[in-house]
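Counting in our numbering, the sequence shown runs from 273 upward without gaps. Comments concern the structure below.
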Amino acid sequence: MTTYVQVAVNVPLSGPGVFDYHLPDELEGRVQPGCLVIVPFGRQTVQGLALRLAPESAVPETRALLALVDEQPALTAAQMALAQWMAEETLSPLAACIDGMLPPGLSQHTDTLYHLNPDGLQGVTLTPLQSRLIELLRRRGELRGRQIEMALPKVRWREAAEPLVHKGILISQPVLMPPAVRPKKARTAWLIASPVTLAERIDQVAKPGSAAFERRRAALRFLQGEALPVDIAWVSAASGATLADLQSLAEKDLVALGET
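As structure tokens, then:
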């Protein structure tokens, strides 16, 4: 018995962005609501989120889901219900609301990895572009679609590759692009001057009476009451000091700046 799955695809669309697919035999029992999956969409391969499983589909023909990114759900049932509510209240595509709820780095686009089938080239007639593509893969090994686009710019190599995949000359498989995010770091500041040094030099941080003078004095007073490094955004909120103010105080060996 075929199992169908509704998937919110990670593609900019004006509509809801939800489509029906069916599970191939190898994925039966492994996909559950909230899982990230890879599906065909037009001539693309894209990432999506499985919303629900069903014994029937609302459309007469469905395409097979290609791959399961992770058997562990990326979103909970409560999060998906919230995304549905947001979509209805704001008249936004459901897929867009879901995409905004995914943890950083999980919302990725997919690519296709191509490599040669060494047993599939015998007795085959190739077009000039197909020959270029095969020679590229023979020389460099397996490549992602984006890498091929850079090596063969401004040519319709995907159209040349498609019949080669159907004939088994090329083998293709969907792959996720590496996450584009990096760990977020907070810039911090902390007081390094001793109480004696601070008392001696606090009136020398800028021209007396200037706005910078008041900001920097306030920043030092604020940091004097903090035992640990403080996010510079908090220092700024408490004193009005800018990053340039704090850098000036660091140059005078009154504070230190770092990242956590």
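Positions of the beta carbon are idealized from the N, C-alpha and C atoms, including for glycine.
Closest residue to residue i among the options (Cα-Cα distance)
i: Glu300; options: Val279, Leu325 and Asn282; result: Leu325
i: Ala346; options: Gln304, His387, Glu414 and Gly497; result: Gln304
i: Ile443; options: Leu415, Ala505, Met373 and Phe291; result: Leu415
i: Thr399; options: Val427, Ala432 and Arg428; result: Ala432
i: Pro365; options: Val437, Arg302 and Val290; result: Val290
i: Pro288; options: Ala322, Leu295, Glu328 and Cys369; result: Cys369
i: Lys524; options: Ala483, Ala484, Ser482 and Arg473; result: Arg473
Those residues which DSSP pairs with residue i across a bridge
i: His387; result: Ile443
i: Ala336; result: His294
i: Ile559; result: This structure gives no information on residue 559, because the portion of the chain shown stretches from 273 to 532.
Simplified DSSP assignment, three categories, for residue i
i: Asp342; result: coil
i: Ala322; result: strand
i: Thr362; result: helix
i: Gln278; result: strand
i: Glu531; result: strand
i: Leu317; result: Residue identity differs from the one stated: residue 317 is Thr in this sequence, not Leu. Strand.
i: Ala461; result: strand
Minimum Cβ-Cβ distance from residue i to chain B less than 8 Å
i: Ala322; result: The structure shown contains no chain B; it holds only a single protein chain.
Straight-line Cα distance separating residue j from residue i
i: Arg404; j: Pro446; result: 22 Å
i: Leu354; j: Arg412; result: 46 Å
i: Leu337; j: Gln394; result: 32 Å
i: Val453; j: Leu470; result: Below a pLDDT of 50, predicted positions are generally treated as unreliable, and Val453, at 49, falls in that range; the measurement from the model is reported next regardless. So the alpha carbons of these two residues sit roughly 40 Å apart.
i: Ala349; j: Phe313; result: 25 Å
Distance CB(residue i)-CB(residue j) smaller than 8 Å
i: Met273; j: Gly306; result: no
i: Glu280; j: Ala367; result: Inspection of the sequence shows that residue 280 is occupied by Ala rather than by Glu. Yes, the pair counts as a contact, with Cβ atoms nearer than the cut-off.
i: Val477; j: Arg489; result: yes
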